[in-house]
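Let me begin by presenting the structure, written as structure tokens, before commenting on it.
Protein chains: 2
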Amino acid sequence: MGKRPTRYDVAQLAQVSVATVSYVVNNGPRGVSAETRKRVESAIQQLGYQPHAIARSLKTGSSQTVGLLVQSLLQSFTGSLVDAVEKSLASLDYGLILASSHENPERERKMLNVLGSQRIDGLLFVPASSHNREHAIAFIEAGIPLVFMDRYIPGVPADVVMTDNAAAARQLTTHLIDQGCRRLICLSFSRDASSAIDRVKGFWQALADRGLPTGNHQILIMEYASGVSSPDQPLLDYIREHGVPDGIICTTDDLIVRAIKTLRQLRIRVFDQVLVGGGFVNSPWAELFEGSIPIVHQDFQLMARKAVQFLLDRISGDDSPPRTELIEAHLLTGA
Amino acid sequence: MGKRPTRYDVAQLAQVSVATVSYVVNNGPRGVSAETRKRVESAIQQLGYQPHAIARSLKTGSSQTVGLLVQSLLQSFTGSLVDAVEKSLASLDYGLILASSHENPERERKMLNVLGSQRIDGLLFVPASSHNREHAIAFIEAGIPLVFMDRYIPGVPADVVMTDNAAAARQLTTHLIDQGCRRLICLSFSRDASSAIDRVKGFWQALADRGLPTGNHQILIMEYASGVSSPDQPLLDYIREHGVPDGIICTTDDLIVRAIKTLRQLRIRVFDQVLVGGGFVNSPWAELFEGSIPIVHQDFQLMARKAVQFLLDRISGDDSPPRTELIEAHLLTGA
DNA sequence: CTGAAAGCGCTTACAG
DNA sequence: CTGAAAGCGCTTACAG
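First to last, the sequence lines map onto chains P and L. Position 124 of the first sequence, counted from 1, bears residue number 1140 in this note's numbering, the numbering being contiguous throughout. Position 25 of the second sequence, counted from 1, bears residue number 1041 in this note's numbering, the numbering being contiguous throughout.
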């Protein structure tokens, strides 16, 4: 609880000015004689002095801290994403302020405001939806650079770094078609998230590639399990009306699990009657089905490195037109 | 990029002093006449003024920010834990600075230093090991309250909030014994983490409860998969030497997956020849094995609420002796 | 090579 | 009810 020593205490003990202490601590912008430096350093040691990052921020106008606003921390891919971002930032001596919108547009707006007054140097943003387009624009106009990760809000002038979702979904769907599937459905987790939209696009592209009639196929929107009473109803309804499809594209990890559970419940033989594929994350559990379930792996490390690099570029003043970087995903068929 | 308006700009536009702006923004500590207040509020609106949290921190000495230092963000339970902490903090208008030690004691030490100079109001700490006992003590002595979550470092005078790991493991082991298992092994993820140690204790307790001879049972330490060349070797070795056990207690989610994969590789029939149980996290994938794998669920929401509450108590000056709060886990047998 | 001093944007005790 | 002013712990241009 003892008051922490300040630069002033160090100066007094070392018999120098406070300025000199700064020059030693920061290794610049001006030299210090070897002897003085030694005195200062030993005073720092003795007092256990630690620079006060907040005071420095106030003076320099930079906090060496980046915000990360995600849509949720419960979906399995977020852990990988946050981990990758933390690693990238830490390697550059940047701190990470984390916030979650919990998929809620109002909360997202609130967190944008909070992060804005927190004076982060920049924001990495995984938007829950496109509801806060205006707020995102205002955020940027207030002078804080913003880079979208994983998803983006169309119409916001900001860099985007995300998986090439359309290509990945297309490749996955093609794989199932080549395994013999002729009546496919695609389970999408949102009609709003850009990543969901792009995955659906890839699904249709693959069907077109192989010249399959579109009438036999369908997109089902399966809300997040939390909150909704029977989130898997769309799949149940589909099967009741149209019978069992022979292939299911799942646009998230969670949807693989839910699809398999639903099929089992109906006593439909997964892997035999119906092929299932999807994922888009690196869950260890998925490996238990390796070979049975083709899984799409995203490269979050690369995504984070790129996004952080873009953001730091912007922070240092780069104001070239917004860029979009697509990260390649990998399809593991286990075959 | 435009300079943000400061309280000074607002004061000028509203024709009041800077002090008055503060009183309006903070709703105190002093009243402001209704008319003045209105003028100030409209000036704030007009300029889009946002208070500068960092400047306030410097003055007040409190950052309304809490640090969370975890051992990893890749293990499945961390997502649930971080989510729960973020929710608890956000509901109290506290921000979250997140850092990870990546299971590395040196990095952990570094992050403790970084977080210390960041001037967080307090730290929630999931230690990777007991290596940084002295640093944790120094951290507390520097005046920043610290609360352990999920694990603790013995000998550090700080509050601890964690799952009652021994009780949970004991209950799980008892369940397998009652299913008929007589030669059990326990896969532990660490010989150092307190949570691992407590789970192992619970394992032995259950055997003692049922009066089973200890000689037939064994603990295997299975390092994290990352980094080690063949992390599952201990299990392979055990089976080669002692034959197939009839029950395996897995102290993490990840170890369930690895155990099943290893058994399959040896063509051992899981669920038939060997019962597997464990978990300690709420992975949706685990549900696919519901009924086959008894799973321990931890209540991270409650853990986070308690830990945050303890930490805020400490921040507001509570210096009563350190408390330890055990959170009850729940065994789902699916039966 | 080194020091005295202004100022980053706030809060709040001190006057009026 | 309101204003002028000190000061939180730093950085850095300005002098010497």
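Beta carbons are placed, not taken as given, at the ideal position from N, Cα and C, and that holds for glycine.
In the structure shown, the three-state DSSP call for residue 1281/P is helix.
Scanning the region 1053-1093 of chain P from its first residue to its last, the whole beta strand (DSSP E) runs of 3-plus residues come out as 1081-1086. Identification of residues in the region 1283-1309 of chain P having a C-beta nearer than 7 Å to some C-beta of chain L yields 1299, 1300, 1301, 1303, 1304, given in sequence order. Apart from the 5 residues on each side of it in sequence, residue 1130/L sits with its Cβ closer than 8 Å to the Cβ of 1115 in its chain, given in chain order. CA-CA distance, residue 1101/L to residue 1123/L, rounds to 22 Å. Taking CB atoms only, residue 1079/L has a neighbour in chain P less than 8 Å away. Under the three-state reduction of DSSP, residue 1231/P is assigned to helix. Distance from residue 1331/P to residue 1137/P at the Cβ level is roughly 5 Å; contact confirmed, criterion being Cβ atoms closer than 8 Å.
DSSP lists 1342/L as the beta-bridge partner residues of residue 1178/L. Residue contact check for residue 1102/P against chain L: a CB pair falls below 8 Å. For the pair residue 1286/L and residue 1226/L, the Cα-to-Cα distance works out to about 24 Å. Residue 1204/L carries a strand assignment under DSSP once its states are collapsed to helix, strand and coil. Between residue 1070/L and residue 1038/P, the C-beta gap is not smaller than 8 Å, which leaves the two residues out of contact. With fewer than 16 other CB atoms across the displayed protein chains lying within 10 angstroms of its CB, residue 1042/P is exposed. Within chain P, 1300, 1301, 1303, 1304 have C-beta atoms less than 7 Å from the C-beta of residue 1273/L, given in sequence order. Non-local beta-carbon contacts of residue 1212/L in its own chain, meaning distances under 7 Å to residues more than five positions away in sequence, involve 1204, 1205, 1206, 1267 in chain order. Checking the DSSP bridge columns, you'll see residue 1038/L has no partner listed.
Selection 1097/L, 1046/L, 1068/L evaluated against residue 1317/L yields 1097/L as nearest (Cα-Cα). Counting along the chain, residue 1127/P sits inside the alpha helix (DSSP H) bounded by residues 1121-1133. For the region 1254-1280 of chain P, the beta-carbon criterion of a distance under 7 Å to any beta-carbon of chain L is satisfied by 1270, 1273, 1276, 1277. Residue 1173/L and residue 1026/P have their C-alpha atoms roughly 29 Å apart. The beta carbon of residue 1150/P is closer than 8 Å to none in its chain, skipping five residues each way along the sequence.
Around the beta carbon of residue 1152/P, 16 or more other beta carbons sit within 10 angstroms, so the residue counts as buried. Buried is the label assigned to residue 1218/P, since at least 16 other Cβ atoms lie within 10 Å of its Cβ. Cα atoms of residue 1029/P and residue 1171/P: separation of roughly 57 Å, rounded to the nearest angstrom. Residue 1068/L has a beta carbon lying within less than 8 Å of a beta carbon in chain P.
Annotated as proximal: residue 1222/P and residue 1189/P, with beta-carbon spacing under 8 Å. Sixteen is the threshold: since fewer than 16 other Cβ atoms of the shown chains lie within 10 Å of the Cβ of residue 1157/L, the residue is exposed. Chain order gives the chain P residues near residue 1113/L as 1081, 1111, 1112, 1113, 1114, where near means a beta carbon separation below 9 Å. Residues of chain L with a Cβ closer than 9 Å to the Cβ of residue 1130/P are, in chain order, 1069, 1106, 1109, 1111. Here DSSP, grouped into helix, strand and coil, assigns residue 1238/P to coil. In the structure shown, residue 1272/P falls within a helical segment according to DSSP collapsed to helix, strand and coil.
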